[in-house]
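Visitor:
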Amino acid sequence: MHSNKDGNNWLGTIAKPLLEHLPALYPIEEWDVAMDSRIEALSPGTITQGSPEQLPYGLAIKAGLFLLNESLDKSHDISQEITNATGSYWHALMHRMEGDYSNAKYWFNDVGHHPIFSNLIQCVRDSLSLKDFIELDNEALRHKLEVLVTSPVWNPYVFIDVIEIQVSLVQNPTVDSWLRHIQRSEMQLLLQFCYEQSCGGSLLEAIGQK
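Numbering follows this note's numbering, in which position 72 of the sequence shown is assigned residue number 79; successive positions increment by one, without gaps.
This is the structure in structure tokens:
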């Protein structure tokens, strides 16, 4: 694991506050303009400590940081240039958050079965159960949520459907909170995966040392 203290300053100034933030399902504008500037100034080479073979994951981290800051266009500019499955994942998330749900599904076809899926479905099962949905009035939303939590594996397409129904039709505050917390877990797990690939070790442990 790399230990350059100056190179890791971004963990405390950028990653830590963003990982505590709860992004909207359908952001209208960036969360923190000053944070956008800090991310913009962050070099992927600084993240990877100058390792060229790990550069795609350094770029993926930067794309993820922009997305956590709800800066969709800047995240998209980076993720569309990353040719691995993780880049496609960030690309898919960006389109989901901008409300282009069919395009998000298209990019999830490129993702395939991503390594974070196992942990993500466990996060969902730990936070939600079928009894939580009993009082939901919208039958389509209730059915999709039931499918989501009972699926043996994470199903990104069903999650897109759930978000589309919630954002476009139902707008239930409780459901919004559920889905935003799942989305944050998804983004945290993906950022952690990128960190493992580019820097080694645990992102949360590295942040805790800042």
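Just so you know, even glycine gets a beta-carbon here, dropped at the ideal spot from N, CA and C.
Assuming L196 and I123 make a contact with CB atoms under 8 Å, what is their CB distance in whole Å?
Guide: 4 Å
Visitor: By the three-class DSSP mapping on this structure, what secondary structure does D13 have?
Guide: Low per-residue confidence applies at D13: pLDDT is 48, beneath 50, and the placement is therefore not dependable, though the value from the model is reported in the following sentence. Note: D13 maps to coil in three-state DSSP.
Visitor: Please classify S184: does DSSP put it in a helix, a strand, or coil?
Guide: helix
Visitor: Which residues in the same chain as A92 place their Cβ atom closer than 8 Å to its Cβ, once the five residues preceding and following it in sequence are excluded?
Guide: D117, V118, G119, H121
Visitor: Taking C-beta to C-beta, are Q199 and L210 nearer than 7 Å?
Guide: yes
Visitor: With T90 as the anchor, note down where its alpha helix (DSSP H) starts and where it stops.
Guide: Unbroken run through T90: none, as it is neither H nor E.
Visitor: Is the beta carbon of S95 sitting closer than 7 Å to the one on W114?
Guide: yes
Visitor: Would you call the region 170 to 185 and the region 57 to 67 touching, i.e. three or more CB-CB distances under 8 Å?
Guide: With a cut-off of 8 Å, the region 57 to 67 and the region 170 to 185 do not count as touching, because too few Cβ pairs lie within range.
Visitor: Would you mind sorting N11 into buried or exposed? The rule is 16 or more other CB atoms within 10 Å of its CB.
Guide: Confidence at N11 is low in this model, with a pLDDT of 44, below 50, so the placement of that residue is unreliable and no value is reported for it.
Visitor: Is the CB-CB distance between Y108 and E171 below 7 Å?
Guide: Between Y108 and E171, the C-beta spacing is below 7 Å.
Visitor: Considering only C-alpha positions, which residue in the set E88, P163, R149 is nearest to V177?
Guide: Looking at the Cα atoms, R149 is the closest of the given residues.
Visitor: What span of residues does the alpha helix (DSSP H) with L32 cover, start to end?
Guide: Segment: none, L32 is in no alpha helix (DSSP H) and carries neither H nor E.
Visitor: In chain order, what residues of the same chain have a beta carbon less than 8 Å from the beta carbon of V165, not counting five sequence neighbours either side?
Guide: K151, V154, L155, S158
Visitor: Kindly indicate the opening and closing residues of the alpha helix (DSSP H) around D168.
Guide: The continuous alpha helix (DSSP H) containing D168 extends over residues 163 to 172.
Visitor: The alpha helix (DSSP H) spanning W114 covers which residue range?
Guide: 108 to 118
Visitor: First and last residue of the alpha helix (DSSP H) that includes S44?
Guide: 40 to 48
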